[in-house]
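Worksheet: one structure, shown below.
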Amino acid sequence: MSAEVERLKDEGTRLQVIISGAVAGLVSRFCIAPLDVVKIRLQLQPHSLSDPLSLNGIKGPVYKGAFSTFRAIVREEGVRALWKGNVPAELMYVCYGGIQFTTYRSVTQAQSLLPTRPPPSVESFISGAAAGAAATTATYPLDLLRTRFAAQGSDRIYQGLLGAVRDISRYEGPRGFFRGLSAAVGQIVPYMGLFFTGYEFLHQYIGGTTLPFGSGDATAGVFASIFAKTAVFPLDLVRKRLQVQGPTRTRYIHSNIPEYKGVIRGLAAIWQREGYRGWYRGLTVSLIKAAPASAVTMWTYERVLHALIDTNKNDETWEI
170 MSAEVERLKD
180 EGTRLQVIIS
190 GAVAGLVSRF
200 CIAPLDVVKI
210 RLQLQPHSLS
220 DPLSLNGIKG
230 PVYKGAFSTF
240 RAIVREEGVR
250 ALWKGNVPAE
260 LMYVCYGGIQ
270 FTTYRSVTQA
280 QSLLPTRPPP
290 SVESFISGAA
300 AGAAATTATY
310 PLDLLRTRFA
320 AQGSDRIYQG
330 LLGAVRDISR
340 YEGPRGFFRG
350 LSAAVGQIVP
360 YMGLFFTGYE
370 FLHQYIGGTT
380 LPFGSGDATA
390 GVFASIFAKT
400 AVFPLDLVRK
410 RLQVQGPTRT
420 RYIHSNIPEY
430 KGVIRGLAAI
440 WQREGYRGWY
450 RGLTVSLIKA
460 APASAVTMWT
470 YERVLHALID
480 TNKNDETWEI
């Protein structure tokens, strides 16, 4: 393994890594929030645009592409609608970033203690998959709340974040906060594994000071994210559909979302009703979102971590 990869994985204390990951998640989320709302709206649209019969009886809007969806949301609900669900999403991204990078670092260091260390690509995959699974499970209720707020139209279902938590607890119980978790973990494990494997590989050649202004880190993040996101997108789509199941299912902007019984049955039902293209509805905007999100995340993480290390080398506060 090259010295550059060792430097990336082992530098910084645990507290510095937590702070850097949290800041990276916060900044990234703020930048891509509108694209996230557009993606969720497209993913929740359950009718096939190529089949006119599937549009019969639909009460909600019919979105046709990322840019027209963006315009429709602004026109019908106002600019603020592009940040629906941003509060739970910001909380999720801050927590997610810190947990993700801390777990990645810890698992990588643990693997270095094994009698036989795995190859670099295998090591990165294991660390990335473990980091994604841990962060996804810990922050999943916030992800579900983000989706439900983004799915609301002009008629509000939940009166604020605390009201949503209270209503879900009352009418759906604790399990209501984890609808679709199996799809999320099934998606994030290969996604993060593929993402970090791709990032580590690309970072060796174009990261650090290879490109000006630290753009190598951002470029590596972009290509790694596009590759990983495309591979697991159907699981991301069915996760969104499962997150809005329950007693409020017919009250969202798309009031005709079918009822799905689990991940596999959900994927089969989408294929049967909407065709293979139904599995990839919203992929374009998802990739558009993933590129700047990953670029901003990795660029911010590297810059914040290096800043903390440079300014606190002799401060024992950071040595934990």
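Numbered by the working numbering, the letters in the sequence shown go through residues 170 to 489 in order. Beta carbons: idealized from backbone N, C-alpha and C, even for Gly. Source: prediction; values computed, not measured.
Q) In its own chain, which residues sit with a C-beta less than 6 angstroms from the C-beta of glutamate 341, not counting the 5 before and 5 after it? A) Here the question's residue 341 lines up with position 172 in the sequence shown. These residues qualify, in order along the chain: Gly415.
Classification of glutamine 356 by the beta-carbon crowding that lies within 10 angstroms, buried from 16 upward: As a position in the sequence shown, residue 356 is number 187, starting the count at 1. Looking at its Cβ environment, which holds 16 or more other Cβ atoms inside 10 Å, glutamine 356 is buried.
Q.
I'd like to check one pair, glutamine 212 with lysine 409: are the Cβ atoms closer than 8 angstroms?
A. Position 240 of the sequence shown, counted from the start, is the residue given in the question as residue 409. Position 43 of the sequence shown, counted from the start, is the residue given in the question as residue 212. For lysine 409 and glutamine 212, yes; Cβs fall inside 8 angstroms.
*asked:* Helix, strand or coil, according to DSSP, for histidine 216 in the structure here?
replied: Within the sequence shown, residue 216 is the residue found at index 47, counting from 1. Reduced to three states, the DSSP call for histidine 216 is coil.
(request) Give me the Cα-Cα distance between threonine 419 and proline 427, rounded to the nearest whole angstrom. (result) Walking along the sequence shown from the start, residue 419 turns up at place 250. Walking along the sequence shown from the start, residue 427 turns up at place 258. Distance between the alpha carbons of threonine 419 and proline 427: 9 angstroms.
Straight-line gap, valine 207 to serine 296 (C-alpha atoms, nearest Å): One-based indexing of the sequence shown puts residue 207 at position 38. One-based indexing of the sequence shown puts residue 296 at position 127. Valine 207 and serine 296: Cα-Cα distance of roughly 31 angstroms.
Exercise. Quick one: what does DSSP say serine 394 is sitting in, helix, strand or coil?
Worked result: Stepping through the sequence shown from its first residue, residue 394 is reached at position 225. Correct three-state label for serine 394: helix.
Residue span of the alpha helix (DSSP H) that contains leucine 313, given as start and end:
Numbered from its first residue, the sequence shown carries residue 313 at position 144. It spans 289-319 - the alpha helix (DSSP H) in which leucine 313 sits, taken as one unbroken run.
- Message: Pairs of beta-carbons, one from the stretch 275-287 and one from the stretch 246-257, closer than 8 angstroms: are there three or more?
- Response: no
Residue interval of the alpha helix (DSSP H) (run including arginine 442):
As a working mapping, residue 442 is identified with position 273 in the sequence shown. Residues 432-443.
* Ranges of the beta strand (DSSP E) found wholly within the stretch 229-287, counting only runs of at least 3 -> Contiguous beta strand (DSSP E) elements confined to the stretch 229-287 do not occur, taking only those with 3 or more residues.
Leaving out five residues on either side along the sequence, give the residues of the same chain with a beta carbon under 6 angstroms from the beta carbon of phenylalanine 270.
Along the sequence shown, read from residue 1 onward, the residue named residue 270 stands at position 101. Closer than 6 angstroms at the Cβ level, and outside the excluded window around phenylalanine 270, lie Val186, Gly190.
#### Entry: Endpoints, alpha helix (DSSP H) assigned at tyrosine 340
As a working mapping, residue 340 is identified with position 171 in the sequence shown. 330-340 is the span of the alpha helix (DSSP H), which, as asked, contains tyrosine 340.
> Going by alpha carbons, who is nearest to glycine 301 out of Ala393, Leu311, Thr285, Ile268?
Replying inline: To locate residue 301, count along the sequence shown from 1; it is residue 132. Checked all of Ala393, Leu311, Thr285, Ile268; the closest Cα to glycine 301 is Ile268.
Original post:
Counting contacts by CB-CB distance shorter than 8 angstroms, is arginine 325 in contact with chain D?
Top reply: Any reference to chain D falls outside this structure, which holds one protein chain only.
- Would a C-beta distance cut-off of 8 angstroms place serine 290 and threonine 388 closer than the cut-off? As a first step, residue 290 is located in the sequence shown; it is residue number 121 there, counting from the start. As a first step, residue 388 is located in the sequence shown; it is residue number 219 there, counting from the start. Going by C-beta atoms, serine 290 is not nearer than 8 angstroms to threonine 388.
Checklist entry - Hey, methionine 261 and aspartate 312: beta-carbon distance below 8 angstroms or not? => result In the sequence shown, residue 261 corresponds to position 92, counting from 1. In the sequence shown, residue 312 corresponds to position 143, counting from 1. Cβ atoms of methionine 261 and aspartate 312: closer than 8 angstroms.
Between leucine 330 and phenylalanine 364, what straight-line distance do the alpha-carbon atoms span, to the nearest angstrom? Residue numbering aside, residue 330 sits at position 161 when the sequence shown is read from its first letter. Residue numbering aside, residue 364 sits at position 195 when the sequence shown is read from its first letter. Cα to Cα, leucine 330 sits roughly 31 angstroms from phenylalanine 364.
Please confirm whether serine 463 and valine 391 have their CB atoms less than 8 angstroms apart. Here residue 463 refers to the residue found at position 294 of the sequence shown. Here residue 391 refers to the residue found at position 222 of the sequence shown. In terms of Cβ geometry, serine 463 and valine 391 form a close pair [threshold 8 angstroms].
Q. For valine 413, which option in His475, Tyr449, Arg450, Pro310 has the closest C-alpha, if you only look at C-alpha atoms?
A. Taking the first residue of the sequence shown as 1, we reach residue 413 at position 244. The shortest CA-to-CA distance from valine 413 to any of His475, Tyr449, Arg450, Pro310 is the one to Pro310.
Glycine 475 to arginine 183, Cα distance in whole Å? The residue you call residue 475 lines up with position 306 of the sequence shown. The residue you call residue 183 lines up with position 14 of the sequence shown. A small fix is needed here, since residue 475 is histidine in this sequence, not glycine. Distance between the alpha carbons of histidine 475 and arginine 183: 13 angstroms.
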